[in-house]
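Taking it in order: structure first as structure tokens, then the write-up.
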């Protein structure tokens with residue numbers, strides 16, 4: 001039987017465990033050096049390197065789309081049509097959809113994916129539908145001083161973000177007009193379109209799952225303690241608690257389907273973030289991928305459902321087996337991650353506060369004394385530790401999180417200072 005041609009965009013290692021070399025021929029377009037491809041796979045996969053910036057830029061594949069089109073066109077001419085395109089991480093979602101659209105390959109198309117990447121188009125569509133979302137405006141390069149002044153006067157605190165990035169990259173929360181102005185000017189100089197939003201002081205939840213042809217195959221609701229902005233700024237640990245309340249899950253699933261209907265999307269692996277105010281959900285953002293920051297690992301631990309594998313199967317046009325209600329968690333399961341403290345390599349000297357950890361901790365991974373931890377600007381959620389908690393109430397978990405925040409500390413030195 002003739003093998004199907006499958007194109008992988010981005011990081012081969014994230015999907016390497018799921019490859020079916022017996023039935024598929026794989027081709028890789030990547031921004032990673034050849035050394036990142038395992039030697040045993042190099043003979044099985046034809047790979048092409050795309051030169052991307054040294055700094056974090058989620059638009060790096062989109063900015064190279066003409067080069068990628070040429071590679072795909074030559075591959076189709078040589079090997080025949082692709083049956084599917086596999087995405088890996090945020091930076092490949094829109095570019096994969098653009099390729100599918102141009103070459104008539106099954107899967108999410110550009111007209112859908114644009115709402116999963118462009119924060120302005122995303123929020124504009126949601127606002128027009130009547131779904132609650134923080135007030136926002138797209139910055140006009142000629143009038144942004146007035147826009148900043150107006151939003152600060154009206155809301156006191158604002159959020160500034162590029163429309164095309166992820167993981168709080170390029171985001172600033174501020175009450176200061178000078179700081180806001182300088183940040184917007186920096187983003188504009190970097191060729192970014194910019195959003196200004198009102199700042200909401202509400203708890204954050206996210207809904208993660210898989211929907212195929214309007215059937216919800218898997219759905220998970222998580223509550224945040226802390227937020228990504230503070231985490232990547234090294235201003236606090238970040239905790240995710242998977243929720244088990246059936247009424248909350250029902251409301252969250254209904255809200256998610258409303259959002260997807262607005263975008264006319266009936267099939268997607270999604271990560272949807274919301275604010276919660278008096279049991280009402282306010283749309284924050286949506287992404288067409290599985291969640292990062294260790295959340296997929298937490299979901300695997302809670303449900304024994306592999307969202308990364310499900311994403312691969314989804315992209316390769318396979319049906320996802322539905323997770324039924326009686327397979328869902330009863331207890332609350334949580335993960336807390338402790339951020340990387342510097343923007344350069346460090347050496348861990350010691351860890352304090354581990355002698356009397358609460359007994360609802362069910363697992364942990366710590367970076368130990370003597371280890372050299374390498375800084376990676378592309379790994380937004382680089383961490384020194386991840387700790388798993390299981391309990392029957394949010395309050396008990398929050399008490400454990402407080403204990404960890406107040407007692408667990410890493411001592412370290414900069415590797416550069418040690419070498420000198």
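Residue numbers (UniProt numbering): 1 to 420. C-beta atoms are modelled at their ideal positions from N, C-alpha and C, and glycine is treated no differently.
Item                                                                                                                : Value
Contact under 8 Å by Cβ, residue 403 with residue 358                                                               : yes
Validate contact between the segment 286–299 and the segment 255–273 using beta carbons, cut 8 Å, 3 pairs           : yes
Contact the segment 169–177 vs the segment 103–112: 3+ CB pairs below 8 Å                                           : no
Cβ neighbours of residue 210 in the same chain (closer than 7 Å, five flanking residues each side left out)         : 217, 218, 269, 310, 314 and 320
Secondary structure of residue 326, DSSP reduced to three states                                                    : With a pLDDT of 48 at residue 326, under the threshold of 50, the modelled position of this residue cannot be trusted; read the value that follows with caution. Note: residue 326 maps to helix in three-state DSSP.
Distance CB(residue 120)-CB(residue 163) smaller than 8 Å                                                           : yes
Reduced DSSP secondary structure (H/G/I, E/B, other) of residue 141                                                 : coil
Reduced DSSP category for residue 189 - H, G, I as helix; E, B as strand; rest coil                                 : helix
Length at least 4, wholly inside the segment 235–306: the alpha helix (DSSP H) runs in chain order                  : 246–262 and 295–303
Complete alpha helix (DSSP H) runs within the segment 377–418 (minimum length 4 residues, chain order)              : 394–407
Local conformation of residue 76 per DSSP, three classes                                                            : helix
Residue closest to residue 10, alpha-carbon to alpha-carbon, out of 195, 371 and 92                                 : 92
Beta-carbon proximity list for residue 326, same chain, < 7 Å, skipping 5 on both sides                             : Per-residue confidence for residue 326 stands at a pLDDT of 48, beneath the threshold of 50, marking its modelled position as unreliable; the derived number appears in the next sentence. Taken in chain order, the list of residues that qualify is empty.
Residue 178 classed as buried or exposed, judged by whether at least 16 other C-beta atoms fall within 10 angstroms : exposed
Rounded C-alpha distance that separates residue 363 from residue 50                                                 : 39 Å
Any non-hydrogen atom of the ligand GTP within 7 Å of residue 269 CB                                                : Ligands in the displayed structure: none, and consequently the ligand GTP is not present.
Buried/exposed call for residue 318, threshold 16 Cβ in 10 Å                                                        : exposed
Extent of the continuous beta strand (DSSP E) to which residue 49 belongs                                           : 45–49
Range covered by the beta strand (DSSP E) that runs through residue 6                                               : 4–9
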